[in-house]
Amino acid sequence: MLTEEKAQPKTNTIKSTTPAPKQEVSPASQENSFTYNNLFFSVTDSKAAITHVNDFFAQVSKYEQHEIVGLHSKKLWHKDMPRAISNIFYRYQESKKTAAAYVKNVTKDGSYFWAMEVSFPCKGGHLSIRLKPGSTLFGTVQKMYTKILRLEEDLDWEENQQEAAQASHNYLLELVNKEGFADYEEFMWNALQLEMRNREEKLATSSVSADNNKAVPPSLLKLESILAELVLSLENLEDIHGALVDHSNYILKLARSILLLSLNAQIGSSKLNQSDHSLSVVAEKMGEQSVSGEEKLIKIKESIQSLSTLIGKLNLKIISSKLQVEMTTSYLSETYQDQEGGSTSSVAEKETKGMLNDAFMPTVDQVMNGIGKIPANLRELLHGVKDIERFLQVLRFIHITGKVEVARMNEEANSFSTTFQDLVREIQTAEKHLKKLTTVVEDNKGTATMYVDYRERLYNIIRNIERIDW
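Numbering of the sequence shown is given in our numbering, commencing with residue 1 and proceeding in unit increments.
Laid out in structure tokens, this is it:
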């Protein structure tokens, strides 16, 4: 017994020389990051099957080119992507509309990367361009996706797929509304604008390096530079847009208020002693002015809406064209590097260059035409403001006349005093709005001139690009 005890080793004194095994990190928890310089794209057919990707897309997704071609684009979306997002994204695509979303992608080895994906309809399918997200909204969206996923986990997708899809869609819209957006489309374009502006500020210079400039036609580089300036100018357009919408909402309210006051005055005058028609005449004049003023107010509201709509479309087109042009320059540089390395230009590459050109040229043309309309829209708005100012002057005269008549008459006319006090308050508020509106228009006369210059520069560059043999 004693011998057996001696034969036993003391395990607590033995030190192992073998290093402890390293804890393996699951690819699923690893992010495959890339920089703001990197843009990459895929082309899909009408059934969302990938037909072509650029080299960097294959690199970041860790596939070989031949492996990724033929895959359904949805297979590259991570399981952490809410169904509500994929449903609305593909619904936009099916409707031949531009779609954008923050997308968590899964790579071949199971790691992931985030991208802002923008999909444009093109011949036979869609062109989807991806860029690195990094704006303040990106963090908010990640939290939003987590909330939607939690809801979707509790929904019955097997038995009531349609109801489940509607419930997740409604929750997405609820979260979008809480962030201050009317719908997903407004959220989508604001998100893309924030990401593009953030990217331009981070890069500060052209994404095409000096070494590869000879791969890109000079006119295309100039176009990219101008569009970069326009992207940074979008904040100014957004300020104009916001101010116009605020004043537009008030102007419609003003028209209704004055019409109501004139009706009250006319009803009140009918109850007075008919031997004195002075207040009846004042009430009648208020009625006439309310009709005339309503026409002027509706016209200026339409002018505001027209300019506001134009600015909204310009935001979309400027961002889209900048992205498409930069993707084209990036792809030209990429294929140039391949050829420098000994590769020959393939038929697919030539087709892709032509397709990228076909994608951005109409959009740039729309930008050029859109910015050319801004000066005329601002002039029309300023004329409308002057009309409203004259209208308010007439109302002030009616108000003074009414006050004189009320003071001359007996207590029966006291109710008119309240009406005229309400009228003068409306006039004063309207004058404040008009002053601010005039300031917006006057302050942006220089902006209008700037866009006229941009239009001329774009026109000359587009003519040069049209001569390029793709």
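Each residue gets a CB set at the ideal place from its N, CA and C atoms; glycine is no exception.
Since this is a predicted model, take the numbers as computed values, not measurements.
- In the three-state reduction of the DSSP assignment, His-78 falls in the coil class, being assigned neither a helical nor a strand state.
- Sequence-distant partners of Asn-444 (beyond 5 residues in either direction) whose C-beta falls short of 7 Å from its own C-beta, in its chain, are Ile-240 and Leu-378.
- Within its own chain, the residues whose Cβ lies closer than 7 Å to the Cβ of Leu-437, once the five positions on either side in sequence are excluded, are His-247 and Val-385, listed in chain order.
- Assignment of Thr-35 by DSSP, reduced to helix, strand and coil, places it in the coil class.
- The stretch 189 to 201 makes contact with the stretch 124 to 141, as at least three CB pairs between them are under 8 Å.
- Each residue's CA atom was taken as its position, placing Val-291 and Val-245 some 23 Å apart.
- When the five nearest sequence neighbours on each side are left out, the beta carbons in the same chain lying within less than 6 Å of the beta carbon of Gln-366 are those of Lys-317, in order along the chain.
- Within the same chain, Ser-219 come within 6 Å of Ile-465 by CB-CB distance, once the 5 residues on both sides are set aside.
- Between Lys-373 and the set Glu-238, Lys-104 and Tyr-454, the nearest pair of CA atoms involves Tyr-454.
- Annotation for Ala-99: the continuous beta strand (DSSP E) segment containing it runs 99 to 106.
- Cβ neighbours of Asn-236 within its own chain (closer than 7 Å, five residues either side excluded): Thr-447.
- Between Leu-381 and Val-441, the C-beta spacing is below 7 Å.
- Burial is judged here by how many other beta carbons sit within 10 angstroms of a residue's own beta carbon; Ile-88 has at least 16 and is buried.
- In the three-state DSSP reduction, Ala-84 falls in the helix class (H, G or I).
- Per DSSP, the continuous alpha helix (DSSP H) segment holding Tyr-459 begins and ends at 445 to 465.
- Within the same chain, Cβ atoms closer than 6 Å to the Cβ of Ser-330 are found at Leu-39, the five residues on either side in sequence being excluded.
- In the displayed model, Ala-204 falls within coil according to three-state DSSP, outside both helix and strand.
- Counting the other CB atoms within 10 Å of its CB gives Ala-100 a total of 16 or more, which places it among the buried residues.
- Around the beta carbon of Ser-333, a 10 Å sphere encloses 16 or more other beta carbons of the protein chains shown; the residue is thus reported as buried.
- The distance from the Cβ of Leu-423 to that of Leu-261 is about 5 Å, consistent with a contact at the 8 Å cut-off.
- Nearest C-alpha to Leu-254 among Glu-158, Gly-370, Leu-297 and Leu-227: Leu-297.
- With fewer than 16 neighbouring CB atoms inside 10 Å of its own CB, Gly-180 falls in the exposed class.
- For Glu-117, the enclosing beta strand (DSSP E) starts and ends at 112 to 122.
- Contact annotation: Val-325 and Leu-227 have beta-carbon atoms nearer than 7 Å.
- The beta carbons of Gly-125 and Ser-46 sit closer together than 7 Å.
- Linking Gln-93 to Lys-285 through their CA atoms gives a straight-line distance of about 55 Å.
- Per DSSP, the beta bridge partners of His-52 are Val-43.
- Excluding residues up to 5 positions away in sequence, Ser-219, Lys-222 and Leu-223 lie with their Cβ nearer than 6 Å to the Cβ of Ile-461 in the same chain.
- For His-169, there is no enclosing beta strand (DSSP E); the enclosing alpha helix (DSSP H) covers residues 161 to 178.
- Relative to Glu-351, the option among Ser-306, Asn-160, Asp-469 and Ser-135 whose CA is nearest is Asp-469.
- Distances from the alpha-carbon of Ile-300 to those of Leu-356, Phe-138 and His-433 put His-433 closest.
- Counting along the chain, Gly-125 sits inside the beta strand (DSSP E) bounded by residues 125 to 131.
- When C-beta atoms of the stretch 149 to 162 are compared with those of the stretch 79 to 86, three or more pairs fall below 8 Å, so the two segments count as touching.
- Distance from the CA atom of Glu-294 to the CA atom of Glu-288, rounded to whole angstroms, is 10 Å.
- Residue pairing by DSSP puts His-72 in a beta bridge opposite Ala-49.
- Contact annotation: Ser-233 and Glu-195 have beta-carbon atoms that are not nearer than 7 Å.
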